[in-house]
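Here the structure is laid out as structure tokens; the discussion comes afterwards.
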Amino acid sequence: MSISPRKDGIAAGRLAADQLAQNFTDLHPPLEPHEAHVAADRCYFCHDAPCMEACPTSIDIPLFIRQIATDTPEAAAKTIFEQNILGGMCARVCPTETLCEEVCVREVAEGKPVEIGRLQRYATDRMMAKDVHPFDRAAPTGKRVAVVGAGPAGLACAHRLAMKGHDVVIHDARAKPGGLNEYGIASYKSTDSFAQAEVDWLMRIGGITMKTGSVLGRDVTLEDLSAGYDAVFLGMGLAGVNALGLDGDGREGVADAVDFIAELRQAEDLAALPIGRDVVVIGGGMTAVDAAVQSRLLGAQSVTIAYRRGQDRMAASVYEQELATAKGVRILTNVQPKALHGNGRLEAVEFEYTEDRDGKLTGTGETVVIAADQCFRAIGQTLSGAPEGLEIAGGKIAVTGAGRTSVQGVWAGGDCASGGDDLTVTAVAEGRDAAEDIHATLTGTAG
675 MSISPRKDGI AAGRLAADQL AQNFTDLHPP LEPHEAHVAA DRCYFCHDAP
725 CMEACPTSID IPLFIRQIAT DTPEAAAKTI FEQNILGGMC ARVCPTETLC
775 EEVCVREVAE GKPVEIGRLQ RYATDRMMAK DVHPFDRAAP TGKRVAVVGA
825 GPAGLACAHR LAMKGHDVVI HDARAKPGGL NEYGIASYKS TDSFAQAEVD
875 WLMRIGGITM KTGSVLGRDV TLEDLSAGYD AVFLGMGLAG VNALGLDGDG
925 REGVADAVDF IAELRQAEDL AALPIGRDVV VIGGGMTAVD AAVQSRLLGA
975 QSVTIAYRRG QDRMAASVYE QELATAKGVR ILTNVQPKAL HGNGRLEAVE
1025 FEYTEDRDGK LTGTGETVVI AADQCFRAIG QTLSGAPEGL EIAGGKIAVT
1075 GAGRTSVQGV WAGGDCASGG DDLTVTAVAE GRDAAEDIHA TLTGTAG
């Protein structure tokens, strides 16, 4: 990676356009048909498949892989989409290495799992490329459901409800639908505007109206939605970002990692996107890794991920950590931010070393200063703008069962709701299951 030695501070155009294009190509190129058949032949098609148990959406993995092996990838795609309508994106971004592939019998026995994620992408891409939708909409029920948030949870909920004959209106605060898939995923994981192509494909079920730029609490209220619709699903994600709580948190050069990733995702010209020469990312999750890796790919000379606990405690998977180090990112653990230094703009970040004492994180008093002209916060997101009247638990909307909130007729799922992991695939499962419960309630078939 060639980096200009002349551009100090935060600057655009650190790399040539052709180098940037190469850096942001597809991280995992799609399988060719022959490769897919070879990969599928490695599957034992287990009867009590541990991979299926580990999948949050419970896709019948042995079945869809067998369908690929018998050269019926469209049938495989339908098997996937029956459980996960966003199976195409999940095949690209789902941490399969810690879910289905981690428990694969081949992984346990040989240390090399069946490439479930890439096989899922092979099948779903084949069907989507044929420009067909695998499901038909049921007869109209006359019921109307409002969905807040066009992210994975909201989209999955809306599709399942529309498929069952209900009319759905999605309200989303952003200019484009897709939520995390559009604004929060590293560009090298989802190329060629796939997020929008997937939304367009999903909307072909019919019965769904998309209203972008519609903000809950500003343009519409929960009270309005409850009065005007037969049910409401909240899937607006987490809009707030935790602050460092240090003096200078608003200094030039200090920003939220999610904002950086969103800006990069929407950039038409990567060469025009400014990046620091020395970048520090504070945090230990997937967002931290995505921000750090993309900083390197944009041309930052040195990038450090700083995490307050040990590396084994990082939320980012081992695979993601190894990806970061392979791209030249340094991972510094057991350090917590202590001060942001600089006169007007950021010049360095000071950290204090930490250790676990009796299960409690404690500073040692020893510090280290890292030169930085740019620092990204990736220390977690928070619920913002939750409607009054909803019970909150652990900083999220409290839900029971398949997403039922404390307010009758209102369901919630995805990152904004209490419960599962903050993963795309988990959000899809929660949106889907809430839709099933909403349908049963509206049709009087709930148990």
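Just so it is clear: in the sequence shown, position 82 is 756 by the working numbering, and no numbers are missing. Where is the CB? At the ideal position from N, CA and C, for every residue including glycine.
For a test of the three-state rule: what should DSSP assign to residue 1100, helix, strand or coil? Residue 1100 falls in the helix class under three-state DSSP.
Contact set for residue 883: own chain, Cβ-Cβ below 6 Å, skip 5 residues either direction: Counting only Cβ-Cβ distances below 6 Å, and skipping sequence neighbours, we find 843.
Can you tell which of 828, 839, 805 and 1002 has the C-alpha that lies nearest to the C-alpha of residue 817? 839
Distance cut-off 6 Å: residue 965 Cβ against heavy atoms of the ligand ATP: This structure lacks the ligand ATP; in fact it carries no ligand of any kind.
Who are the Cβ neighbours of residue 1061 in its own chain at under 6 Å, not counting the five residues just before and after it? Within the same chain, residue 1061 has close Cβ partners 896.
CA-CA distance, residue 986 and residue 921? 30 Å
C-alpha gap between residue 962 and residue 758, whole angstroms: 26 Å
Could you tell me the boundaries of the alpha helix (DSSP H) in which residue 845 lies? Unbroken run through residue 845 is the beta strand (DSSP E), 841 to 846; no alpha helix (DSSP H).
Coil, strand or helix - residue 834 by DSSP: helix
Cα-Cα, which of 913, 741 and 806 is closest to residue 872? 806
Cβ shell of residue 788 (< 6 Å), same chain only, five flanking positions each side left out: 716, 717, 778 and 780
Residue 778 in three-state terms, based on DSSP: coil
In terms of DSSP beta bridges, what is residue 956 paired with? Residue 956 has 980 and 1051 as its beta-bridge partners, per DSSP.
Within 10 Å of its beta-carbon, does residue 719 have 16 or more other beta-carbons around it, so buried, or fewer, so exposed? exposed
May I ask you to list the residues that DSSP assigns as paired with residue 930? Answer is 1051, bridged to residue 930.
Cβ of residue 826 within 7 Å of Cβ of residue 1098? yes
Given a cut-off of 7 Å on the beta-carbon distance, is the pair residue 1120 and residue 948 in contact? no
Return the CA-CA distance between residue 889 and residue 898, expressed in angstroms with no decimal places. 13 Å
Are residue 731 and residue 1073 closer than 7 Å when you measure CB to CB? Not in contact: residue 731 and residue 1073 (Cβ atoms no closer than 7 Å).
Are three or more beta carbon pairs between the region 733 to 752 and the region 792 to 799 nearer than 8 Å? yes
With 16 other CB atoms within 10 Å as the buried threshold, where does residue 708 fall? Counting Cβ neighbours within 10 Å, residue 708 comes out exposed, since fewer than 16 surround it.
Beta-carbon contacts of residue 1109 that lie in its chain and below 6 Å, excluding the five residues immediately before and after: These residues qualify, in order along the chain: 831, 834 and 835.
For residue 1048, I'd like the list of residues in its chain whose CB is within less than 6 Å of its CB, leaving aside the five on either flank, ordered along the chain. Non-local C-beta neighbours of residue 1048 in its own chain, meaning closer than 6 Å and more than five positions away in sequence, comprise 684, 927, 950 and 953, ordered along the chain.
What are the residues that DSSP puts in a beta bridge with residue 1011? 1025
Across which residues does DSSP place residue 884 in a beta bridge pair? 844
Pick out the complete alpha helix (DSSP H) segments inside the region 760 to 835, 4 residues or longer, and give them in chain order. Those alpha helix (DSSP H) runs which fall completely within the region 760 to 835 and span 4+ residues are 761 to 767, 779 to 784 and 790 to 803.
Give the range of the beta strand (DSSP E) segment to which residue 1042 is assigned. 1034 to 1045
Between residue 1117 and residue 905, what straight-line distance do the alpha-carbon atoms span, to the nearest angstrom? 12 Å
With a Cβ-Cβ cutoff of 7 Å, do residue 851 and residue 812 count as a contact? Cβ distance not < 7 Å, so residue 851 and residue 812 don't count as in contact.
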